Amino acid sequence: SKNQQPKYVTTNYRSIKNREEVAVIVAVCTHLGCSPTYRPEPGAADLGGENWKGGFYCPCHGSKFDLAGRVYAGVPAPTNLVIPPYHYVSDTLIRIGVDPEIS
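See below:
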């Protein structure tokens, strides 16, 4: 499958800084382009109960993604949510659309 993230995003959280507090993800489902909803609550009964650890849910056709945007198996979406190019300008400012090597 096609890699949907910049090469410098290789951590468990698919982020430059291996932190779960900040996620830079394009909120467009990789199935047909709908907008997934942010569903961070673990154990949501309508999303699989104890198997749901929190993440993104696409209401159009039922695709599910974890909090890092990785696609669940057995859903219509073929790939993970896209991580766009980005970099930290400072500890509190992120520039989206520009790779760190270019900035």
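Residue numbering for the sequence shown follows the UniProt record's numbering, starting at 1 and increasing by one per position. For glycine and all other residues, C-beta sits at the position ideal for the given N, C-alpha and C. Because the structure is a prediction, the values reported are computed rather than measured.
- Message: Taking 8 Å as the limit between beta carbons, can you name the residues of its chain near Val22, skipping five residues before and five after?
- Response: Counting from 1 along the sequence shown, the entry for residue 22 is found at position 22. Same-chain partners within the cutoff: Ser15 and Ile94.
- Item | Ser1 classed as buried or exposed, judged by whether at least 16 other C-beta atoms fall within 10 angstroms | Reading the sequence shown from its first residue, position 1 is the one you call residue 1. At Ser1 the pLDDT is 43, less than 50, meaning the model places this residue with poor confidence and gives no usable figure here.
- Please classify Pro36: is it buried, with 16 or more other beta-carbons within 10 angstroms of its beta-carbon, or exposed? Walking along the sequence shown from the start, residue 36 turns up at place 36. Classification for Pro36: buried.
- Item | Where Ser90 sits in the DSSP three-state scheme | Within the sequence shown, the letter at position 90 stands for residue 90. In this structure, Ser90 counts as strand in the three-state DSSP scheme.
- Item | Of the listed residues Val75, Gly69 and Asn51, nearest to Gly62 (C-alpha basis) | Against the sequence shown, residue 62 aligns to sequence position 62. Nearest C-alpha to Gly62: Val75.
- Message: According to DSSP, simplified to helix, strand and coil, what is Gly97?
- Response: In the sequence shown, residue 97 corresponds to position 97, counting from 1. In this structure, Gly97 counts as coil in the three-state DSSP scheme.
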